[in-house]
Amino acid sequence: MSFINIVIFSVSLFSFSISAKAEPELSTSYPDVDVVFKAIKVSNHVYFVQGQAGAATKNKGFISNSGFVITKEGVVVFDALGTPSLAVKLFNEIRKVTDKPIKYVVVSHYHADHIYGLQVFKELGAKIIAPQGARVYLGSDLAENLLATRRSELKPWIDDTTHIVSPDEYINKYHQFSLGGIDFKLTPLGNAHSEGDLTMLVAPDNVLFSGDLIFEGRIPFIGRANIFNWLKELDNMRNVNVSAVLPGHGPLAKDPNALVKSTYNYLSLLKDNMQKAVEDWIPFAKAYEKIDWGEYMFQPAFDEANRRNAYNVYLFMEQNLP
Numbered sequence: 001m002s003f004i005n006i007v008i009f010s011v012s013l014f015s016f017s018i019s020a021k022a023e024p025e026l027s028t029s030y031p032d033v034d035v036v037f038k039a040i041k042v043s044n045h046v047y048f049v050q051g052q053a054g055a056a057t058k059n060k061g062f063i064s065n066s067g068f069v070i071t072k073e074g075v076v077v078f079d080a081l082g083t084p085s086l087a088v089k090l091f092n093e094i095r096k097v098t099d100k101p102i103k104y105v106v107v108s109h110y111h112a113d114h115i116y117g118l119q120v121f122k123e124l125g126a127k128i129i130a131p132q133g134a135r136v137y138l139g140s141d142l143a144e145n146l147l148a149t150r151r152s153e154l155k156p157w158i159d160d161t162t163h164i165v166s167p168d169e170y171i172n173k174y175h176q177f178s179l180g181g182i183d184f185k186l187t188p189l190g191n192a193h194s195e196g197d198l199t200m201l202v203a204p205d206n207v208l209f210s211g212d213l214i215f216e217g218r219i220p221f222i223g224r225a226n227i228f229n230w231l232k233e234l235d236n237m238r239n240v241n242v243s244a245v246l247p248g249h250g251p252l253a254k255d256p257n258a259l260v261k262s263t264y265n266y267l268s269l270l271k272d273n274m275q276k277a278v279e280d281w282i283p284f285a286k287a288y289e290k291i292d293w294g295e296y297m298f299q300p301a302f303d304e305a306n307r308r309n310a311y312n313v314y315l316f317m318e319q320n321l322p
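Using full-length UniProt numbering, the first residue of the sequence shown is number 1, and each one after it goes up by one.
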């Protein structure tokens, strides 16, 4: 072999070595979580993972949805799930389809069931994008208190190594980026379900990730929501012309109007009754007992969430009605 060929071969080998080391690998070991976990192909580029119905403590933290989009240059993940162990499962599902690097994680909002998996993707080198309102959650006692609670309730999947990861980029207005020829359209919605929500439209697939604006097949979580804004955004979503809507909880749907209906009707029931109770100076307990919950009583998470949801809306009305 000539000297020139040796040099070329050596350079090529060196370049291959650098390339092989370019993508970070997981160095942290996370305990396995035994849940049914499968990515469903929705369109040419989009995959969807559906969480289980019910409360986090009854489902090993696996209650929210996630998804990912595969492009020629890498992968975009939407929401990181509720434990690092679940995020590892998501990563393994991605690796069944592609070996391309995880470039971005877009977070619909900062609630525990969507963000505790972020540390896995951060370790893999992904850039994390979230709505501006995430700052409110990150600066709150609620964030740390809930993490401490989950360390007890969801041990060993949430433990002392689990931490809240801040975004690399906050957005407070419409934002579009491209990766591998695919356009991603991010729309922040302000304070609706959470202190800051956003949706992501994947073009050209025309698939919309709605985040927790939509709960399907279970009682929604209200928390510190602005129920007026939430209902307004659901109204706006009714007639969106998309091929599929992927909600934050529950199965996907091809018809946005049908998917919006369940969440909208539940929120309207809460809003109308709690608003009237506050306007008429009716105590919460008395107002709550008068409401017919028949349509929702047998939905997952009713016992855990419904009374607290109603009370949170009652408090919201006390603070926001003239």
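Even glycine gets a Cβ: it sits at the ideal position worked out from N, Cα and C.
Residue range P256 to E279 is occupied by the alpha helix (DSSP H) that includes Q275. When DSSP states are grouped into helix, strand and coil, F302 belongs to the helix group. In the structure shown, E73 adopts coil according to DSSP, grouped into three states. In the structure shown, the three-state DSSP call for D141 is helix. Cβ atoms of L118 and V136 stay farther apart than 8 Å, at about 17 Å. Here DSSP, grouped into helix, strand and coil, assigns V202 to strand. Boundaries of the alpha helix (DSSP H) harbouring I115: A112 to I115, taken from the DSSP string. Around the beta carbon of F298, a 10 Å sphere encloses fewer than 16 other beta carbons of the protein chains shown; the residue is thus reported as exposed. Inside the segment 177-232, DSSP marks whole beta strand (DSSP E) runs of 3 or more residues at positions 182-190, 197-203 and 207-215, from first to last along the chain.
At least 8 Å separates the beta-carbon of G196 from that of G139. Residue range P84 to V97 is occupied by the alpha helix (DSSP H) that includes E93.
Partner residues in the beta bridge of E169, as assigned by DSSP, are I129. For M317, the CB contacts under 7 Å within the same chain, skipping 5 residues up- and downstream, are M274, Q275 and V278 in chain order.
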